[in-house]
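Residue numbers (the numbering used here), protein chains in the order written: chain A, 735 to 1066; chain D, 735 to 1066; chain U, 735 to 1066; chain B, 735 to 1066.
One structure is given below, encoded as structure tokens.
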């Protein structure tokens, strides 16, 4: 059994990780930390989990990493790096999967200008691999920067263009549920404001665009309109591409890249519905070509494929388990 | 034209009052105050109203009440009384409709024990009439304590028992949308928590129960389970009553009390749907009797019949206009 | 008073028209027809309207148009033309506003290939004006084909490009609420399927695209992904445009076209939220320009600006009233 | 491995059963029948399951039960009995769990008057045990009538009164999500009607009340208001009880009955939130006592504890497995 801990596990990503680890046949959850809930049973923060585990939250300051094989760090952006630094300074020698943005950017100045903070641990950035399992595994080390939610869908959906086209513009509109904003109430997640509403934000400026641009060659330009929608879980996006030479090749490109990846489902000649993906570890991708125009659609559960289940994929990879272990009923 | 002002009009009740006053044929909105939005156009707080009025928010400290005929005070509970006191100290001599709980309780100790505050203006309480238009108009003065949202539905629905029965127990379950919590985000209105959820709160302890118990004789006892539901507008409630001598008389009782009141719609032998009432100034009431048991159902828009449109009814009453003026298309 | 009737008024568009006419200061609703509800009170089909009108539905076969000034035909697509033909054959000489697609297409073969039916009244098509009030009023006759819901937003949002650019490609993703599907239950409007879901349909093939292409010059190409979202009212869309010579001119273009139109609100340097527009007669349009890319966003209430309130605008125009009459509180 | 089949598995209950069986460590899904989808892959009816099983639907007429250990019959009410009769006539000798109402009523005339049909297999009724696992297991045979959704919550919540009180009246208001209506679109599940709405139906007449009354002694009377709410999954209900001699004993009664049952969670002195239970096999029950009045609240996932997961409990019981097998992460 892999001995696993979660740092800062009282939020939504923590809750999803706990659920997946409880169900994982080769992982054992040994500790979950929280400042707010220290020494309370885990179900105080996550009432739905009552009856499923006896664990109490550990105070971060009392957390002992000595016998842990792998730590998920589920801190907010800007705090993940500090938490990682602390456990490494404490002598931790196991694997780390950081859920925040902190180690996703190779270029520290990009990170710092996006988040308006000084990076708390720039010396560690090069030790982290960007954890897009289907594109970048196996990884060179045991530290993983788990990808962002929008970033996951957009990168997987536009990768065929990166591989096969010299030049293209990709116009993205992607719409996310409210759980993407985390567990803290905000004006934009206040029910009377969110219900029945659609709202764009950070138009052309969302941090997940530069996150994926690191991996896509310069001939492929992307513009992105991130949108908030009135539901709890899931991201659904469209990518419009025009002026490709032979647009119908897109089908072959997708198939050659993803056909052997069980956690990506391709939906040729249609765009997948959001609900197919919600509650699952899949990234669903479909496309339609007509009159020289392509639209690619993707759907993911932002809490799972956009966070926790992708992190479990990464754990499985690091631990030399089949990548789907614990994520599909057939994959135990 | 009645010259009207709204104090503390940047919240949801303020927004609803503005919309109704703009549509009212005999009222003119002359000022809306807000600390946060002082000197900004009203549409900054209420973007949906952009294009419909040119008014800017007035800072409370700069508000001049000298030529105002009627002031709606839309402050939060506990702050309404202070705001009222301030304008009276400033020499205001017009009418006042207070939207808070502050003047609804004749017994100050009840108020103080419910809200855990010292009443800021106990000397004014007797000057205020409890503004249930169908039951208590005409009023003895020009100061109105506008009823609470649950209170409105429960009082109108149980009034026939008060008038006609010596003894009965009324078991209430009433469920409200998220706008009832006001404009400030809270954990219980955080979209991922509210969506698809149902949650009881203040069970047997909600302040709207003692609010109506003031007017109902002791033989009629009431217990109330207030519930939060996953929608924005509207309250829907059931009242179970058993052990009445002749339960089928309930139909006559309702008709004799409400048949001539245009803003109460009776739905005999059914319970009204919430959506019929949402967006309207109606209180919808229905009932079903079987095997000696009665269930009464009511539905209101908590922002309108439970707050703003009932306040307009009260304004109309004070100003000697037909009570429906400005609230129904036919009633201009 | 304008004497008004609605044919086939038991659906959602009928309900919205009734509400607006009841509120209109110069229109009188004299008849609403329905086969299903003939001789029943209007509130049987539209319970929310109970108490607001005494009218009963007329059977279509008994409908007498002789003293009517203006008829709204709210039949489904393919049945509007037949209904229009019938009343004209019956000698009706007043104005007609048809809510269906039947008279929107100048080219009958386009209509017939889109809807897979023979046009029931091709000889009447040239008598109808396409009723986009801000762009095409005053109209040459008294028969109006009221525009489609998506079509309204897309045409108003892309018109500046039509007027000012020789060449551009517009990539549209537009997402609509469930009321756009009408009053009949369908698998795609079944609550468990729609709730929390996002679903594209008729991708690149929606009939509202050729509807607007009639009016836009060939240099401007458009591709459209229509999407269903989990809410009841409203359409929200993005238009991505790249490779314009001077993209920042878009602001001037919008202002010069729409600044004097009260029912179009411009939101420079942002995309409007859907909720601002829902429940209102406005078309909200905003835009953002960055690095040579433009995104235009629009929001409308599909039942109002996308159907009923735009029809009232057209009635006002035909009847020589100010276009906003009855639609804004200040415009009586 | 238990060899399992599902008859009529293209609906929502079928989908939930498939998911649970895929995850069950000792069950193997060998066939799912459907008339509409015969010979199509299961994911055609249940797209979310794509990639998780290779099975195609079997036509009912081609279904071979010879090597099956247990059959779930997921037909609609009135069709379950016919399906059961057919497989028994075909010589099937394994276990049966029927999801319909058809075998829940010992008294055939009650069934026939509730459902207005002749019972298709009255001779089989006594062979079926009412499958409330916590109350009635172990069962006397291998045929189970799986309980109704409301019935499950109401029976478990009122059982302590049955056991401990001579006389009491229980006034129930219970509100369900739209998945309870099944996969076929209906006017009451049409998104624009359901969204933001609350609607009572079959008031005092719902068939789940006589379903549980079979097991509760006559001194305990129940009246029930079933309600539709605007969400997809879950039932949440309140039971009001007054006039008990020693109401605070309710806590001991609940604990003594349910404390050792892992799939019932007790929430003393509060009412459980719906969301805790949704997606889980739990029945959550809480209670509050004050001034002699009791309110009991319950929450279940209508598709799981109200149907599919309770059926898996019953399968486990019949097959001599721990009752939680396959339902909780820790119970493999």
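All residues carry an ideal CB built from backbone N, CA and C; glycine is no exception.
* For the alpha helix (DSSP H) containing residue 974/B, list its first residue and its last residue. => Element bounds for residue 974/B: not the alpha helix (DSSP H) but the beta strand (DSSP E), 969-975.
* **CB contact flag (residue 882/D, residue 808/D, <8 Å)** => no
* Asked: Quick one: Cα of residue 944/A to Cα of residue 946/B, how far?
  -> 60 Å
* residue 1009/A: buried (16+ other C-beta within 10 angstroms of its C-beta) or exposed? -> buried
* Which runs of the beta strand (DSSP E), 3 residues or longer, sit entirely within the segment 983-1050 of chain U? -> 998-1002, 1017-1024, 1027-1034
* CB contact below 8 Å: residue 915/D versus chain U -> no
* Asked: Under a CB-based cut-off of 8 Å, is residue 924/B close to chain U?
  -> yes
* Asked: Exposed or buried, what is residue 986/B when buried is set at 16 or more other beta-carbons lying within 10 Å of its beta-carbon?
  -> exposed
* Taking 7 Å as the cut-off, does the CB of residue 767/B come closer than this to any heavy atom belonging to the ligand ADP? -> The ligand ADP is not among the ligands present in this structure, which contains no ligands whatsoever.
* Asked: In this structure, what does DSSP give as the bridge partners for residue 933/B?
  -> 962/B
* To do: Output the distance between the C-alpha atoms of residue 1066/U and residue 888/D, rounded to the nearest integer angstrom.
  => Here the model assigns residue 1066/U a pLDDT of 47, short of 50, so the residue's position is not dependable, and the following value carries that caveat. Cα-Cα distance, rounded: 37 Å.
* So what does DSSP say about residue 749/B, is it helix, strand or coil? -> helix
* Return no unless some Cβ of chain E is closer than 8 Å to the Cβ of residue 912/A. => Although the question refers to chain E, the structure presented lacks it and instead comprises the protein chains A, D, U and B.
* Asked: residue 928/B touches chain A at which residues, Cβ-Cβ below 7 Å?
  -> Going along chain A, no residue has its Cβ under 7 Å from residue 928/B, so there is no contact; the nearest lies around 13 Å.
* **Burial state of residue 911/U, where buried means 16 or more other Cβ atoms lie within 10 Å** => buried
* Asked: Given a threshold of 16 other Cβ atoms within 10 Å of its Cβ, counted over all protein chains shown, does residue 1037/D qualify as buried or as exposed?
  -> buried
* Residues of the segment 982-1014 of chain A with Cβ closer than 8 Å to any Cβ of chain D, in chain order -> none
* Could you give the DSSP three-state label for residue 878/A: helix, strand or coil? => strand
* **Buried versus exposed call for residue 827/D [16 or more other C-beta atoms within 10 Å across all chains shown]** => exposed
* Mapping DSSP to helix, strand and coil, what is residue 834/D? -> coil
* Is the CB-CB distance between residue 1060/U and residue 757/U below 8 Å? -> yes
* If the cut is a Cβ gap below 7 Å, which residues of chain A does residue 934/U touch? -> 1005, 1031
* Asked: Per DSSP, residue 957/B is paired with what?
  -> 905/B
* **Contact the segment 861-873 of chain B vs the segment 901-920 of chain B: 3+ CB pairs below 8 Å** => no
* Grab the span of the alpha helix (DSSP H) containing residue 777/A for me, first residue to last. => 776-779
* With DSSP as the reference, please indicate the residues paired to residue 736/B in a beta bridge. => 761/B
* **Cut-off 7 Å between Cβ atoms - residues of its own chain near residue 777/U, not counting five sequence neighbours on either side** => 783, 784
* Neighbouring residues, chain U, relative to residue 792/A (Cβ below 9 Å) -> Neighbours of residue 792/A on chain U: none; closest Cβ ~34 Å, over 9 Å.
* Can you check whether the CB of residue 954/U is closer than 8 Å to the CB of residue 902/U? -> yes
* Asked: Could one say the Cβ of residue 944/D lies closer than 8 Å to chain A's Cβ atoms, at least one of them?
  -> no
* Starting from the beta carbon of residue 757/U, find every residue of chain D whose beta carbon is closer than 7 Å, and list them in chain order. => 1063
* **For residue 895/A and residue 1021/A, the rounded distance between their alpha carbons** => 13 Å
* Pairwise C-alpha distance: residue 810/A and residue 834/A -> 6 Å
* **For residue 958/D and residue 852/D, the rounded distance between their alpha carbons** => 26 Å
* Asked: Between the Cα of residue 736/U and the Cα atoms of 772/U, 1044/U, 1023/U, 801/U, which residue gives the shortest distance?
  -> 801/U
* **Residues, ordered as in the chain, of the segment 762-786 of chain A that lie near chain D by beta-carbon distance below 7 Å** => none
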